[in-house]
Structures are given as C-alpha cells and as structure tokens.
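Trainee: Residue numbers for the sequence shown, in this note's numbering: 14 to 298. Glycine included, each C-beta is placed from N, C-alpha and C at the ideal position.
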Amino acid sequence: MERDCQIGVFTAYATTRGHALVDRELYLPKSWTDDRERCQAARIPNDRGFTTKNDLARAMIERALASPLPIAWITADSAYGQDSHFRRFLEDRGLFYVVAVPKSQQVHGPRIDHLISQAPPEAWQRLSAGHGAKGERYYDWAAARLPAVWEFDGNEPTRQRWMLARRSITKRDDIAYYLACAPPDATVADLVRIAGCRWKIEECFQSAKNECGLDQFEVRRYVGWYRHITLAMLAHTFLAAMTAQEREKGVPRQTLPTSWTSHWLKSAVCWQLNPAAILRTATTS
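1. For Y152 and R180, which I take to be in contact (beta-carbon distance under 8 Å), what is that distance rounded to the nearest angstrom?
2. For E38 and E135, what's the separation of their Cα atoms in angstroms?
3. Which same chain residues end up closer than 6 Å to C210 when comparing Cβ atoms and leaving out the 5 residues on each side of it in sequence?
4. If you draw a straight line from the C-alpha of K213 to the C-alpha of G31, how long is it?
5. Taking DSSP as the reference, what is the three-state secondary structure of Q119?
6. With a floor of 3 residues, list each beta strand (DSSP E) that falls wholly inside the region 26-58, ordered by position along the chain.
7. Measure the C-alpha to C-alpha separation of E169 and P42 and round it to an integer number of angstroms.
8. Alpha carbons only, please: which of Q173, A132, G143, A25 is nearest the one belonging to A155?
9. Measuring CB to CB, does W175 end up less than 8 Å from L204?
10. So V111 and S91 are supposed to be a Cβ contact under 8 Å. How far apart are they, rounded?
11. Between which two residues does the alpha helix (DSSP H) harbouring T243 extend?
12. For the structure I just gave you, are there three or more beta carbon pairs, one from the region 61-68 and one from the region 243-261, closer than 8 Å?
13. Please decide whether F165 counts as near chain B, where near means a Cβ-Cβ distance under 8 Å.
14. So the alpha helix (DSSP H) W212 belongs to, where does it begin and stop?
15. Mapping the DSSP letters down to three states, classify R172 as helix, strand or coil.
16. To which residues does DSSP link F109 through a beta bridge?
17. So for A92, helix, strand or coil by DSSP?
18. Using three-state DSSP, classify D166 as helix, strand or coil.
19. Based on Cα-Cα distance, which residue from A55, L69, T29 lies nearest to G21?
20. Report yes if the CB atom of L159 is closer than 8 Å to the CB atom of R100, and no otherwise.
21. For V236, count neighbouring Cβ atoms within 10 angstroms of its own Cβ and tell me buried if that reaches 16, exposed if not.
22. The alpha helix (DSSP H) with D153 in it runs from where to where?
23. Would you say K116 and R124 are within 8 Å of each other, going by their C-beta atoms?
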C-alpha cells in the first residue's frame, strides 16, 4: 500500500491523570476492498470488506466498553458527530457525549447556526476548555437545553440533550458547533470541559509522532501497518503512564480548573429554547 493511502481511525482515552491512544483501525476505501487482487498483494484478509470510518469507530467503542476501562463520556469531531446513527449508538449504550457538528446541522428542523444566532448577548460566557501549550484555552460559549424526544426518552428522561457553540474571542465569526447528551444535572461548564477533551487526541498524535515514531513507517502490507502502529501506541501509553506516576510524586502543576469563568459572568448560563417556536420554524422554513 502506498504510504499516502494509509488512513487510520484512532481512539484516545483521557483522564485527569493523563491521556494516550488505546485503539486503532486501518480504513480501507472501496477502491481497495473492491480490488481483491490488490488486497491479496497487500496481505489484507479475505474477509475484510469495506467498512466506513464511523463503523470502525463504533467497533472500537464496543471494545473499549468491554474492557476494564471506566468510560462515561465520548467526544468526537464533526465527521462522527453529524451522524445521527452514531449519536444514537452512544445513547443506546448509556454513554454521554459532546460531539462537534457542522453549521448546517439540523436541530429539530432549523440549522444549528440559525438557532445559535438567536442567543441573547448575556447567554455567551467566557470559559476555559482546558490547558494548552500556551495556557488556558479561553473561548466564548453559549448553550441551550433541547426538548426531550418522547420516542427515545419516555415520560421521565434520564438525560438532557444540548446544543453548544464555541466562539473565538478575537474572531467573532469563527464559531464551532456541538450537540451533547448529558446527565440531567450537567452544567455548561461540564459540557465545555468535555468538548475541550477533544484536543487530547491531537496531543496524543503529536507526542506519539515526536517521541515514538507513530508516523515513521514504510510498510506496504496490512499486518505491517498494524504492527508498527500498535508498537508505537504501546510505547506512547507507557510514557504517558510513567509521566503520570512521576507527576504524582512531585508537586502538581497549578492550573485554573477547566470550569473556571470570569467573576463578572454568570457561571452556568444557558438560554431557554421555546420548543413550540422550534417546531414552528421547522414547518415554515
């Protein structure tokens, strides 16, 4: 397989103590799986057919749930977040999530960017999405609770769905959008903290490439890719565990908690959507 054709789907596991890559799958486009002679030359198993990236992600989540790892939240980029089947998959397994979605994402009919544009000025609050290389990652955030869906939630919902927006402080037109499913008592700060965890996988990629050679492979066969990636991930996980142990021996680095907000802003602000207005907009748009 040519190197630029090798696309992987990865899972990272993050806690307050550290984070590391824990699973991987090689994505094979139909141009490969439909060419069995090509697959045979690359030693791809005969039973390996075309599988979408979202299906690969679901399989890895299933494996994670079957492991001893405690798992409560899932976060993912818009390639996965915009897939309603993926979100339903998470809910059916009792997982909470904060996933990115495109601005065209429909929420009970209207587009999410249209709904967010109706947020009053006081709905926006400045929160940190976590500590980064240059300090706290501050953005302006707005959130609203969404109406329950009776078909899925029944008369006594055990979860609360949200929509969430992250706006750049310096570029006010730069807005990212999210959908969330959270415990009933979750706050906006909780959702922001989980949304910020999405950067952990990028940090994992950066450190695994720089320190463990994750991207330094020259393989042309299926098994070779898995061997190299798995070994690099194992080395990265070992380093992450050693780092956590060493940190616990010394004085922990002091950082502001990820739920911090400016003292002059309300700490758990969300604006209330009118379900009737949403449905009316959906039927007239």
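Mentor: By the coordinates alone:
1. Yes, Y152 and R180 are in contact; Cβ-Cβ is about 6 Å, under 8 Å.
2. When only Cα atoms are considered, E38 and E135 end up about 44 Å apart.
3. Excluding positions up to five away in sequence, the list reads A27, T88.
4. About 9 Å.
5. Here Q119 sits in strand by DSSP.
6. DSSP runs (the beta strand (DSSP E)) wholly in the region 26-58: 32-40.
7. The alpha-carbon atoms of E169 and P42 are separated by roughly 43 Å.
8. Out of Q173, A132, G143, A25, the CA that lies nearest to the CA of A155 is found in A132.
9. It is a contact, given that the beta carbons lie within the stated cut-off.
10. With a beta-carbon spacing of about 12 Å, V111 and S91 fall beyond the 8 Å limit used to define contacts.
11. Note, T243: alpha helix (DSSP H), 235-262.
12. As far as the Cβ criterion goes, the region 61-68 does not touch the region 243-261, which means the pair count is below three.
13. In the structure shown, chain B cannot be found, because there is only a single protein chain.
14. Here the alpha helix (DSSP H) through W212 covers 211-225.
15. Shown here, R172 sits in coil according to DSSP, grouped into three states, outside any helix or strand.
16. BP columns for F109 point to W86.
17. Helix at A92.
18. Helix at D166.
19. In this structure, L69 is the residue among A55, L69, T29 with its C-alpha nearest to the C-alpha of G21.
20. L159 is not a Cβ neighbour of R100, given a cutoff of 8 Å.
21. Exposed is the call here.
22. That residue, D153, is in no alpha helix (DSSP H); its beta strand (DSSP E) goes 148-158.
23. The criterion of a C-beta distance shorter than 8 Å is satisfied by K116 and R124.
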